DNA sequence: GTAGTATGTTAACGATGTTAACTTGCTTTT
DNA sequence: AAAAGCAAGTTAACATCGTTAACATACTAC
């Protein structure tokens, strides 16, 4: 019989408990003990599955990023025939993704919080976009691929901060981002 | 005789102690007790000057931002006759400012950490740039001022994240930012 | 069956943010 | 000048936190 359902049951529960903890209390007030209680285990149990608190948080982020990998993969498929649309849609979707996953960006973008893994997380996020830009450049368009990547990625991350800071509403920023990118890859 | 030197001596000491604390331990490990000890007072003394820990951190950030206000003010004066150069120099200086003040951007850009004041801090940072762009638009250039502000500010903030995340070296990013902005306001 | 390992428990430690109760010294009022 | 009031420091205590150590228990392998 398969034992897949019971494999690492507690670990999985800890991760999704950590996810709601992150959503509700943010990165600053993230309490490992609360997560353990929420998962129905003792306060020391997490240490059987994770090195320390940051390790759990890292796992939660990894879990969340799987959603992005899935989503971006679908976009790549859908817009396979129109690279410019792909770049645009990936960026706007990326913006919405970060805004929807409110507190995660705080953790990922704050360098101190996670050891040296944060670029790993970030790069696994912007890889699809960078890849699409490279493909755009490779398809004969005369562009400085590196500069274009920088422009688009920085605008994307910057838009997140602007929205987060209350400078603009999400949808407004999404539209602006779409415009800005369109003007770059016309 | 002037009693300026002794006015709020402890409060001032707490702020600069908080500043070095933020530099050395980051926002996540910021310890109020350590700050108090560093300032030579008891662990409860800060509560005579600040509502709570976050209030102290806010004060530290305000203090740091005074440096930017000063710097940006000088740039505005220096490049008064060349708005395009002003926009460019303000942006690059802004990037360098955040990178130099490593741990502060973590605090300011993480929404959860500071109550609702974070946009206040951010807006007092990007106000000079927004202002310069508006002036650029007002001087007869046919541009969508709002869109241009969005582009430049988002690229600026995004560049900070990219540098912070290890995507690019500071000077490299500064050069790219300069290029990107130049291509927008030619 | 017995040894070993994986995974849970409870109990404890030190550090932290915060508050309450108190002292102390200066300023103002009478 | 004496008293009242207040600003600003102290110490002591509390709950919570991350983390570790010591112990228990069940599954797995030889």
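Protein chains in written order, with the numbering used here: chain A, 1 to 186; chain B, 187 to 372. For glycine and all other residues, C-beta sits at the position ideal for the given N, C-alpha and C. Since the structure is predicted, the reported quantities are computational estimates derived from the model, not experimental observations.
Contact check, residue i vs residue j, beta carbons under 9 Å
| i | j | result |
| --- | --- | --- |
| residue 266 of chain B | residue 272 of chain B | yes |
| residue 251 of chain B | residue 262 of chain B | no |
| residue 149 of chain A | residue 181 of chain A | no |
| residue 245 of chain B | residue 201 of chain B | yes |
| residue 158 of chain A | residue 106 of chain A | no |
| residue 283 of chain B | residue 259 of chain B | no |
Rounded C-alpha distance that separates residue i from residue j
| i | j | result |
| --- | --- | --- |
| residue 362 of chain B | residue 28 of chain A | 33 Å |
| residue 144 of chain B | residue 83 of chain A | Given that chain B is displayed from residue 187 to residue 372, the structure contains no residue 144 of chain B and the question cannot be resolved. |
| residue 369 of chain B | residue 78 of chain A | 31 Å |
| residue 290 of chain B | residue 342 of chain B | 16 Å |
| residue 313 of chain B | residue 255 of chain B | 10 Å |
| residue 330 of chain B | residue 125 of chain A | 30 Å |
| residue 50 of chain A | residue 323 of chain B | 54 Å |
| residue 8 of chain A | residue 352 of chain B | 34 Å |
| residue 219 of chain B | residue 43 of chain A | 26 Å |
| residue 186 of chain A | residue 30 of chain A | 44 Å |
| residue 249 of chain B | residue 199 of chain B | 12 Å |
| residue 327 of chain B | residue 224 of chain B | 53 Å |
Chain-order list of residues whose beta-carbon lies under 6 Å from that of residue i (same chain, five-residue window excluded)
| i | result |
| --- | --- |
| residue 168 of chain A | 162 |
| residue 325 of chain B | none |
Nearest candidate by alpha-carbon position, reference residue i, set the options
| i | options | result |
| --- | --- | --- |
| residue 350 of chain B | B:281, B:217, B:236 and B:218 | B:281 |
| residue 40 of chain A | A:18, A:54 and A:24 | A:18 |
| residue 88 of chain A | A:34, A:16, A:22 and A:132 | A:132 |
| residue 340 of chain B | A:144, A:178, A:138 and A:146 | A:178 |
| residue 242 of chain B | B:222, B:260 and B:254 | B:222 |
| residue 286 of chain B | B:195, B:234, B:209 and B:327 | B:209 |
| residue 207 of chain B | B:331, B:239 and B:345 | B:239 |
| residue 11 of chain A | A:48, A:34 and A:93 | A:48 |
| residue 279 of chain B | B:352, B:199, B:216 and B:357 | B:357 |
| residue 160 of chain A | A:102, A:34 and A:147 | A:102 |
| residue 146 of chain A | B:359, B:218 and B:326 | B:359 |
Same chain, Cβ closer than 7 Å to residue i, five either side skipped, listed in chain order
| i | result |
| --- | --- |
| residue 135 of chain A | 83 |
Same chain, Cβ closer than 8 Å to residue i, neighbours up to 5 away in sequence not counted
| i | result |
| --- | --- |
| residue 338 of chain B | 273, 277, 315, 319, 367 and 370 |
Heavy atom of the ligand FMN within 8 Å of residue i beta-carbon
| i | result |
| --- | --- |
| residue 252 of chain B | In the structure on display, the ligand FMN does not appear, and there are no ligands present to speak of. |
Discussion item. Can you pull out the residues from the stretch 271-284 of chain B whose beta carbon lies closer than 9 Å to at least one beta carbon of chain A?
Written reply: Cβ contacts with chain A: none found.
Worksheet item: Name the residues in the stretch 314-333 of chain B whose C-beta lies less than 9 Å from a C-beta of chain A; which are they?
Response: Answer set for the stretch 314-333 of chain B: 330, 332 and 333.
Item to complete: May I ask you to list, following chain order, the residues of the stretch 12-32 of chain A that have a beta carbon less than 9 Å from some beta carbon of chain B?
Response: Using a CB distance below 9 Å, the part of the stretch 12-32 of chain A facing chain B consists of 25, 26, 27, 28 and 29, ordered along the chain.
Worksheet item: What residues in the stretch 161-180 of chain A have a beta carbon less than 8 Å from any beta carbon of chain B?
Response: The stretch 161-180 of chain A vs chain B, Cβ under 8 Å: 161, 162, 164, 165, 166, 167, 168, 173, 176, 177, 179 and 180.
Item to complete: Could you run through the stretch 235-247 of chain B and flag, in chain order, every residue whose CB is less than 8 Å away from some CB of chain A?
Response: Residues are counted here when their Cβ sits less than 8 Å from a Cβ of chain A; for the stretch 235-247 of chain B the count is zero.
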